[in-house]
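To keep things clear, I will list the structure first and then write my remarks on it.
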DNA sequence: GGCCAGGTGGCCA
DNA sequence: TGGCCACATGGC
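Numbering (the working numbering), first residue to last: 2 to 300.
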């Protein structure tokens, strides 16, 4: 099978090792990591590509693409590069964030520990919503179990070099499932309803990443999303942070964020919402990155 | 055994 | 608006 190789230059403040470590800690059936690379399938307009990502010794990102469907074109090549740039958030300039963070009581420790980390995204907005909804209220290890069951019950299994990879279930399929079919994987009935509802909205293109990008106003975006049943302020901000990439997305009521602030600030209790507003006022415009680095302390 | 988990909607004053 | 409560299940 033909393999195409592309190079992407990396920002100075990008550490492949730190980002690989992060991905390793969140590995699910959708991608795999080893000591030096990340691999996964991606689908573009129904065409399948298998990609392998690693770093060259002159610090460039190497992307090898196997043309599984025999449909590789310059157009797909461009889309694959965009996908990688987005997944690793390569196009943001973080100098201003690091300048703020170095002098910040709560951020200086996480940025020194994880310097070079990027907000590794969830490019598929349906996946982002499902992951957020699954993670509501329950502990993260149980949320991961549910996600694993979700992917393996309703997703598509592919094999590459004898190893399993999964494609995330399509919103169209999930929208068509019965409540009982979804309930069997162990989530609450309400979560089944929320997920089926968002699947329907995405399948009908009433909600899309592009539309949310175009709003370009976080308050509008949150207002629009929280009108949907099952999407509260936390979920809306989570999706805007991990997928749509509003730099000022801020899930302020996130328990993990509270624990991270307690740890980073050596506090004897978790800070209150008002205290967090006070703390975060120094991060204006970079709340998403502040949150992402703080999360890395506790997850 | 009880309480807390990467919350949210519904109900009631 | 503000204060409860249920929700599925796992980990500690």
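Every residue, glycine too, gets a C-beta built ideally from N, C-alpha and C.
Excluding five sequence positions before and after residue 226, the CB atoms of its chain that fall closer than 6 Å to its own CB belong to 232 and 237, given in chain order. In the DSSP assignment, residue 263 falls within the alpha helix (DSSP H) that extends over 256 to 265.
Within the segment 141 to 224, the alpha helix (DSSP H) runs of at least 4 residues that lie entirely inside it are, in chain order, 141 to 155, 172 to 177, 180 to 184, 190 to 204 and 210 to 216. Three or more beta-carbon pairs drawn from the segment 11 to 23 and the segment 82 to 100 are found closer than 8 Å, and the two stretches are therefore classed as touching.
The DSSP-derived three-state label of residue 229 is coil.
It is roughly 10 Å from the alpha-carbon of residue 273 to the alpha-carbon of residue 253. Where residue 21 is concerned, the enclosing alpha helix (DSSP H) starts and stops at 17 to 26. With contacts defined by Cβ atoms closer than 9 Å, residue 51 and residue 67 form a contacting pair. For residue 299, the enclosing alpha helix (DSSP H) begins and ends at 288 to 299. By the criterion of a C-beta distance shorter than 8 Å, residue 186 is surrounded in its chain by 147, 150, 151 and 154, once the five residues flanking it on both sides are discounted. The criterion of a C-beta distance shorter than 9 Å is not satisfied by residue 17 and residue 290. Listed as beta-bridge partners of residue 41 by DSSP are 32 and 52. In the three-state scheme derived from DSSP, where H, G and I count as helix and E and B as strand, residue 282 is classed as helix. Comparing C-alpha distances from residue 160 to each of 56, 49, 131 and 128 shows the shortest one belongs to 49. With contact defined as three or more Cβ pairs closer than 8 Å, the segment 291 to 299 and the segment 101 to 108 are in contact. Assignment of residue 109 by DSSP, reduced to helix, strand and coil, places it in the helix class. Residue pairing of residue 66 in beta bridges, as defined by DSSP: 5 and 52. Taking the Cα of residue 119 as reference, the smallest distance to any Cα among 171, 22, 158 and 235 is reached at 22. Take residue 135, set aside five residues on each side of it, and the residues of its chain with a beta-carbon closer than 6 Å to its own are 144, 147 and 148, in chain order. In the structure shown, residue 79 adopts helical secondary structure according to DSSP, grouped into three states.
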